[in-house]
Amino acid sequence: PTQAEAQLPVEVASAPLPAHPMAARPGDETLDGRGGQSGEDTLDERLQMPAAVAEQTYDERLPAAPALTPEGRRPTGEAGAVARDAKAEALSPVLPLPEAATAALGPADWSLSQARDALKLAAQDRDQLLAVVLEYGRRAFEFTAAFAVVRGAAWAWDARAEGGPVDLRGVAVPLDAASIFRTVALTRGSYVGPLPPDSHTQHYLALFGRAPRACFVWPVEVKGRLVALLYGDTGTRPMSQRRLADFILFCQDLPAAFHELIAFRKLRTGAGAPFAEAGGEVPMPTAPPEAAPGDDQAPPDAALIEGLISLLTGPDDRERAEATAELQRAPAAAAQALAARFPGPTGWSRLPVVELPEADELGPIAGAMSRLGRDGARALAPLLDSDDSDVRYFALLTAGALPFPELLPGVLRGLFDFEPDVSSAARAAASALKHVEGFAGHLKQLHQELSSRDSLRRSLAARALGMLHDREAIEGLINLTGSDDQLSAQAAAEALRDICKVNLGTKPRAWLSWFAQARAQRRTEWLLDALAAEDFELRLGAIEELSRSLGDNLGYFADGAPDERSAAVERWRSAIAARPSLEL
-6 PTQAEAQLPV
4 EVASAPLPAH
14 PMAARPGDET
24 LDGRGGQSGE
34 DTLDERLQMP
44 AAVAEQTYDE
54 RLPAAPALTP
64 EGRRPTGEAG
74 AVARDAKAEA
84 LSPVLPLPEA
94 ATAALGPADW
104 SLSQARDALK
114 LAAQDRDQLL
124 AVVLEYGRRA
134 FEFTAAFAVV
144 RGAAWAWDAR
154 AEGGPVDLRG
164 VAVPLDAASI
174 FRTVALTRGS
184 YVGPLPPDSH
194 TQHYLALFGR
204 APRACFVWPV
214 EVKGRLVALL
224 YGDTGTRPMS
234 QRRLADFILF
244 CQDLPAAFHE
254 LIAFRKLRTG
264 AGAPFAEAGG
274 EVPMPTAPPE
284 AAPGDDQAPP
294 DAALIEGLIS
304 LLTGPDDRER
314 AEATAELQRA
324 PAAAAQALAA
334 RFPGPTGWSR
344 LPVVELPEAD
354 ELGPIAGAMS
364 RLGRDGARAL
374 APLLDSDDSD
384 VRYFALLTAG
394 ALPFPELLPG
404 VLRGLFDFEP
414 DVSSAARAAA
424 SALKHVEGFA
434 GHLKQLHQEL
444 SSRDSLRRSL
454 AARALGMLHD
464 REAIEGLINL
474 TGSDDQLSAQ
484 AAAEALRDIC
494 KVNLGTKPRA
504 WLSWFAQARA
514 QRRTEWLLDA
524 LAAEDFELRL
534 GAIEELSRSL
544 GDNLGYFADG
554 APDERSAAVE
564 RWRSAIAARP
574 SLEL
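Just so you know, we're using my numbering here: the sequence shown kicks off at -6 and counts up by one.
Below, the structure written as structure tokens:
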């Protein structure tokens, strides 16, 4: 965040909302201390919600959040029943909400418990889930909106106001442009308070037709990924503390509901994120446009490149798309100019990663560089060794989208970065680039690091080889499990578990015995054996890999009943036997 953004929560938390005529129902306490009860409470005290406010206002205690169902586990309840029979019911309609729930959507007079019940019933259908969230939000706000986070931008999907639904489709908020939305996306914390004094927030709210005194923004995360943002405001009226507290408690159930929705859609239709099509109206170009005659001889004007980059990093999404297309007409010059400004504005939080994000999620500079082909790779390569760890981190994640050999040496060096989030970015990039020409030669150097005198380098090499599922490293990793250095031995055992889907710990003799029998098998067969393992995590990891290979789980659930799993394993064995060349 910028310096101004970093100061924003402190400044807002200490500032009471300006006085305004009462517009809440009798008995409601508002955020500026007026209403059914008098008081001089500041917003600082209100931001202690939900815990403090819930304890003071409600007899009902917040229940423990329901456990999220990781991908590969069977959804519980009705979702599980449908998912287990997804093949037989592939053409049947999505289960509707009961009439009692849908009839209550209009007046939005639910209690908190009724809203939670409706949310559970709606978790299998995107439109119904949004309707529940937005209509219940209308109890606390004059205007509510839901945004899908897709490729680094928050795309408006649906909205509600006093007059009914509001069509905001096609409106996008880039999460790398300084605004309250970027602050929430970076911190993954909710916001309630006056509008910050930046021009971008005002600009985006104007696109919604809003000019409120205060606003509410809530992030929805699933498995560490930001998937949606919720927005609400009361226009020029004060917010009711009582209703806002109810809605905050309700929002804490959203991650589980969204996770069930995503899991259900994947099992049912193979679809990805539930809002994937929300931002489809302004597609980003994926290939350079054809150059005009003579473009390859006339060097691009530096001022033109500067102007395009200004548009690229500006707040307007359509201008960004146009600037990206124009920059692709002069990839060499554009790549150098973008590299000089890398990583640029971003809405991506720097954290360790286990899978590669899309380049667009990293910001407009990274997204544009990923479309410049080999010129982009050449300009990015020096950044992989930057003295700035932020630059290294984002450069490594961007490198995963550019499959060119120029990036391989820097990515391999990044595997041994002392900063854990940077080395995790290198592992994600290496996994994406492992089929690039020349990668095998660099892999041999990685094998040699297993016998390095530096214990940290040994352990980092083992982790990388495990994530790469490198079968050729198995014998070296087995030797390392017998090391006196516990860090190296444990890293080697975890790597072997990732590759072989067997858990034998730091016991080299047990590993040697197992490998002597399994050496002649394909790794795919090891994954099939893991489907019948006692260890749930092994079963889950195996079905995730196998499902990606066929785009189907063939009715296997890692937490299913033993007889159901056994039947599904036989289906998998038949499917793999019909694909003798399949290797994972």
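Note that the Cβ used here is the ideal one computed from N, Cα and C, for glycine as well.
Out of S416, L489, T137 and Q117, state which residue places its alpha-carbon closest to the alpha-carbon of G156.
As a position in the sequence shown, residue 156 is number 163, starting the count at 1. Out of S416, L489, T137 and Q117, T137 has the C-alpha closest to the C-alpha of G156.
With G534 as the anchor, note down where its alpha helix (DSSP H) starts and where it stops.
Taking the sequence shown and counting its residues from 1, the one referred to as residue 534 is at position 541. Run containing G534: F529 to L543, per the alpha helix (DSSP H) assignment.
Per DSSP, what are the beta-bridge partners of T137 in this structure?
Residue 137 sits at position 144 when you count from the first residue of the sequence shown. Paired residue(s): R153 and G225.
Cβ shell of Q559 (< 8 Å), same chain only, five flanking positions each side left out
Counting from one through the sequence shown, the residue named residue 559 turns up at place 566. What sits at residue 559 in the sequence shown is Ser, not Gln. Around S559: A525.
Outcome for D447 when other beta-carbon atoms lying within 10 angstroms are tallied against a minimum of 16:
Stepping through the sequence shown from its first residue, residue 447 is reached at position 454. Exposed, because fewer than 16 other Cβ atoms sit within 10 Å of the Cβ of D447.
For E299, count neighbouring C-beta atoms within 10 Å of its own C-beta (all shown protein chains included) and say buried if the count is 16 or more, exposed if not.
On the sequence shown, residue 299 is found 306 positions in, with the first residue counted as 1. Counting Cβ neighbours within 10 Å, E299 comes out exposed, since fewer than 16 surround it.
As a quick exercise: from V159, L436, R236 and F508, pick the residue whose alpha carbon is nearest that of A124.
The count along the sequence shown starts at 1 and reaches residue 124 at position 131. When only C-alpha atoms are compared, the closest one is V159.
Rounding to the nearest angstrom, what Cα-Cα distance links S542 and R175 in this structure?
Working through the sequence shown from its first residue, we reach residue 542 at position 549. Working through the sequence shown from its first residue, we reach residue 175 at position 182. For S542 and R175, the distance between alpha carbons rounds to 36 Å.
Does the beta-carbon of A221 have 16 or more other beta-carbons within 10 angstroms, so that it is buried, or is it exposed?
Within the sequence shown, residue 221 is the residue found at index 228, counting from 1. Result: buried.
Apart from the five residues just before and just after A332, which ones in its own chain have a Cβ nearer than 8 Å to its Cβ?
Mapped onto the sequence shown, residue 332 falls at position 339. Listed in chain order, the non-local C-beta contacts of A332 below 8 Å within the same chain comprise M362, A372, L373, P375 and L376, local neighbours out to five positions each way being set aside.
Cβ-Cβ distance between L304 and A318 below 8 Å:
As a working mapping, residue 304 is identified with position 311 in the sequence shown. As a working mapping, residue 318 is identified with position 325 in the sequence shown. Their beta carbons are not under 8 Å apart, which means L304 does not touch A318 by this criterion.
Ignore the nearest five residues each way along the sequence and tell me which others in L497's own chain have a CB closer than 6 Å to its CB.
Position 504 of the sequence shown, counting from 1, holds the residue named residue 497. Same-chain partners within the cutoff: A503 and W504.
Give me the residue from A509, G475, K427 and L122 with the minimum Cα distance to A249.
The residue you call residue 249 lines up with position 256 of the sequence shown. Nearest in C-alpha terms to A249, of all of A509, G475, K427 and L122, is L122.
Between which two residues does the alpha helix (DSSP H) holding A111 run?
Along the sequence shown, read from residue 1 onward, the residue named residue 111 stands at position 118. Run containing A111: L105 to L114, per the alpha helix (DSSP H) assignment.
As assigned by DSSP and simplified to three states, the class of S233
As a first step, residue 233 is located in the sequence shown; it is residue number 240 there, counting from the start. It is a strand residue.
According to DSSP, simplified to helix, strand and coil, what is V346?
Here residue 346 refers to the residue found at position 353 of the sequence shown. The answer is coil: DSSP assigns V346 none of H, G, I, E or B.
Quick check on V384: does DSSP put it in helix, strand or coil?
Along the sequence shown, read from residue 1 onward, the residue named residue 384 stands at position 391. Of the three classes helix, strand and coil, the one that applies to V384 here is helix, per DSSP.
Tell me which residue opens and which closes the alpha helix (DSSP H) that A204 is part of.
One-based indexing of the sequence shown puts residue 204 at position 211. Counting along the chain, no alpha helix (DSSP H) covers A204, and no H or E run does either.
Beta strand (DSSP E) containing Y184: first to last residue?
Your numbering for residue 184 matches position 191 in the sequence shown. Here the beta strand (DSSP E) through Y184 covers Y184 to P187.
Anticipated Cβ contact below 8 Å, S481 with A509, distance rounded:
As a working note, residue 481 is residue 488 in the sequence shown. As a working note, residue 509 is residue 516 in the sequence shown. Not confirmed; about 23 Å, so no contact.
Using a threshold of 8 Å, state whether the C-beta atoms of V404 and L390 are closer than that.
Within the sequence shown, residue 404 is the residue found at index 411, counting from 1. Within the sequence shown, residue 390 is the residue found at index 397, counting from 1. In this structure, L390 does not lie closer than 8 Å to V404 by Cβ.
Rounded to a whole number of angstroms, what is the C-alpha to C-alpha distance between T180 and S342?
Reading the sequence shown from its first residue, position 187 is the one you call residue 180. Reading the sequence shown from its first residue, position 349 is the one you call residue 342. Each residue's alpha carbon lies about 8 Å from the other.
In three-state DSSP terms, what is F397?
Counting from 1 along the sequence shown, the entry for residue 397 is found at position 404. Correct three-state label for F397: coil.
Under the DSSP definition of a beta bridge, which residues are partnered with E214?
For the purposes of this step, residue 214 is taken as the residue at position 221 of the sequence shown. E214 pairs with L219.
What are the partner residues of P167, as DSSP defines its beta bridges?
Sequence index remark: in the sequence shown, residue 167 carries index 174 (1-based). Paired residue(s): A146.
Sub-8 Å separation of A352 and G340 beta-carbons:
Sequence index remark: in the sequence shown, residue 352 carries index 359 (1-based). Sequence index remark: in the sequence shown, residue 340 carries index 347 (1-based). No. Outside cutoff.
Report the residue from A554, Y549 and Y197 whose alpha carbon sits nearest the alpha carbon of R564.
Locating residue 564 in the sequence shown gives position 571, counting from the first residue. Ranking the options by Cα distance to R564, first place goes to Y549.
Can you pull the DSSP bridge partners for C208?
Translated into the one-based positions of the sequence shown, residue 208 becomes position 215. Beta-bridge pairing links C208 to G186 and D226.
Do you know offhand how far A325's Cα is from A296's?
The residue given as residue 325 occupies position 332 in the sequence shown. The residue given as residue 296 occupies position 303 in the sequence shown. So the two alpha carbons sit approximately 15 Å from each other.
Would A650 and A457 qualify as a contact pair, given that the criterion is a beta-carbon distance under 8 Å?
With the chain running from -6 to 577 in the structure shown, residue 650 is simply not present.
Where V159 falls: helix, strand or coil (DSSP)
On the sequence shown, residue 159 is found 166 positions in, with the first residue counted as 1. Reduced to three states, the DSSP call for V159 is strand.
Rounded to whole angstroms, what is the Cα-Cα separation between P440 and L344?
Your numbering for residue 440 matches position 447 in the sequence shown. Your numbering for residue 344 matches position 351 in the sequence shown. For the record, residue 440 in the displayed sequence is His; it is not Pro. For H440 and L344, the distance between alpha carbons rounds to 27 Å.
Straight-line Cα distance separating R364 from Q321
Working through the sequence shown from its first residue, we reach residue 321 at position 328. Working through the sequence shown from its first residue, we reach residue 364 at position 371. One C-alpha to the other measures close to 7 Å.
I need the DSSP call for P555, collapsed to helix, strand or coil.
On the sequence shown, residue 555 is found 562 positions in, with the first residue counted as 1. Of the three classes helix, strand and coil, the one that applies to P555 here is helix, per DSSP.
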